[in-house]
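S.K.: Here it is: the structure, laid out below.
2 protein chains.
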Amino acid sequence: MSLRHALIGVLADEPRTGYGLLKHFEQSLAYAWPASHSQIYPELARLLAKGLIRQTGAGPRGARVYEATPDGLDEVCRWLRTEPDRRVRSDAALRIFFLWLLDPGEAAVFLAAERDRFRTLLAELERIEAEEEPRTPKQRAYRVALVGGLLTLRARIEWAEWALREVEAWR
Amino acid sequence: MSLRHALIGVLADEPRTGYGLLKHFEQSLAYAWPASHSQIYPELARLLAKGLIRQTGAGPRGARVYEATPDGLDEVCRWLRTEPDRRVRSDAALRIFFLWLLDPGEAAVFLAAERDRFRTLLAELERIEAEEEPRTPKQRAYRVALVGGLLTLRARIEWAEWALREVEAWR
DNA sequence: ACGTACATGTAAGGAGTTACATGATTTG
DNA sequence: CAAATCATGTAACTCCTTACATGTACGT
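Residue numbers (this note's numbering), protein chains in the order written: chain Y, 5 to 175; chain C, 5 to 175.
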């Protein structure tokens, strides 16, 4: 359900091609909901058939430009008022529970990799944060999501640093 | 891949029934990897067929008790040394990007619900934290996971409170 | 000319959800 | 004796991943 609504939601802001949507997912939405082209293109065809989006034009190389229809926008707003599915899966977080099966040195390698990944991602988000002041409503919403990422990552880095000191004591 | 390894990993600590594993997932692992009985039971059958777990006995009501085999333990450790899949999907986090499609009052309702959910979850984790001192290696690993949850939730609550003040300014 | 990025699609298989289905034991 | 919990399974469906597949336009 999430992917189809996110696609309409992005198209509610401005018309885009399937490829444009793909790139937009890769650049920002992927932090919350990764999606590949093999999922996006068929889903766009379904949304088109249901009248939730429509094709407004064509670009070079056979690119199709879509935009959200009023029905599509209604559907997104209805979705936003429903209870979100709070289940989250994180392979990396799951592994923490089993670190005791490795020797402490190997557990430390894992935690250091986590910390480094968080740091890299934080630097990336801080770069985006510095890029431009949010002005439009959409930009302000994206900024709210961005700040969520920043605060969460800083907490995760703090945790990873603490956890590394902790596993030192396991030796 | 994650579920099958997590099942072996839990059974590496002590023998359990399928139902016992289900309850254990619901109580602690679900924060990182939710799993339902309709996934767990068939997966146990597959792990048994592959020799990664074995049945050690039977409890009342036809319950089957499993434990990890040495092959299973090797497999978990191999898994722990591979690169984790860092993709994470969060329906709730995705919705943030589309809050500008609602009016600010409705966006605030969403954010307040998020904040409340985080607070409830934090209280739950703090209760678990206070329960007992970790003593065994397994308990220490679980505590590392728990502290990760605590720090992350506190950051998410801080974010939700900031975001609520932010959307007030959208009116 | 060659490589990269643009642009779209399909197919097979694996993972996960929801619903259907059944029965035993304990607790009030 | 009724309800809750224990205990296990299957089936249909949806979602997602990986791989296969094809062609266009642009920059160097």
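Every residue gets a Cβ at the ideal spot worked out from N, C-alpha and C, and that includes glycine.
For the beta strand (DSSP E) that contains residue 70 (chain Y), what are its first and last residues?
M.R.: Per DSSP, the unbroken beta strand (DSSP E) holding residue 70 (chain Y) starts and ends at 68-72.
S.K.: In three-state DSSP terms, what is residue 221 (chain Y)?
M.R.: Because chain Y is modelled from 5 through 175, residue 221 (chain Y) falls outside the range shown and cannot be assessed.
S.K.: Verify the CB distance criterion: does residue 89 (chain Y) have a CB-CB separation below 9 Å to chain C?
M.R.: yes
S.K.: Cβ closer than 9 Å: which chain C residues qualify as neighbours of residue 110 (chain Y)?
M.R.: 81, 84, 85
S.K.: In three-state DSSP terms, what is residue 93 (chain Y)?
M.R.: strand
S.K.: In whole angstroms, what separates the C-alpha of residue 16 (chain Y) from that of residue 73 (chain Y)?
M.R.: 8 Å
S.K.: Name the residue from Y:26, Y:174, Y:161 whose alpha carbon lies nearest to the alpha carbon of residue 104 (chain Y).
M.R.: Y:174
S.K.: Who does residue 1 (chain C) pair with in a DSSP beta bridge?
M.R.: In this structure chain C extends from 5 to 175, so residue 1 (chain C) is not present and cannot be described.
S.K.: On a Cα-Cα basis, can you pick out the residue from C:14, C:155, C:121, C:88 that is closest to residue 87 (chain Y)?
M.R.: Of C:14, C:155, C:121, C:88, the residue nearest in Cα terms is C:121.
S.K.: In angstroms, rounded to a whole number, what distance separates the CA positions of residue 111 (chain Y) and residue 171 (chain Y)?
M.R.: 7 Å
S.K.: Would you mind working out which of Y:59, Y:157, Y:38 sits nearest residue 76 (chain Y), comparing C-alpha positions?
M.R.: Among Y:59, Y:157, Y:38, the Cα nearest to that of residue 76 (chain Y) belongs to Y:59.
S.K.: Taking a Cβ distance cut-off of 7 Å, strictly less, list which residues of the segment 28-39 of chain C are near chain Y, in chain order.
M.R.: 33, 36, 37, 38
S.K.: Give me the chain Y residues within the contact set of residue 78 (chain C), using Cβ-Cβ distance strictly less than 7 Å, ordered along the chain.
M.R.: The contacting residues do not exist; residue 78 (chain C) stays about 10 Å from chain Y at best.
S.K.: What does residue 172 (chain C) reach in chain Y if we use C-beta pairs closer than 8 Å?
M.R.: Scanning chain Y for C-beta atoms nearer than 8 Å to the C-beta of residue 172 (chain C) yields nothing, as the closest lies near 12 Å away.
S.K.: Taking the C-alpha atoms as reference points, what is the distance between residue 166 (chain C) and residue 25 (chain C)?
M.R.: 39 Å
S.K.: Going by beta-carbon coordinates alone, are residue 56 (chain C) and residue 8 (chain C) separated by less than 9 Å?
M.R.: yes
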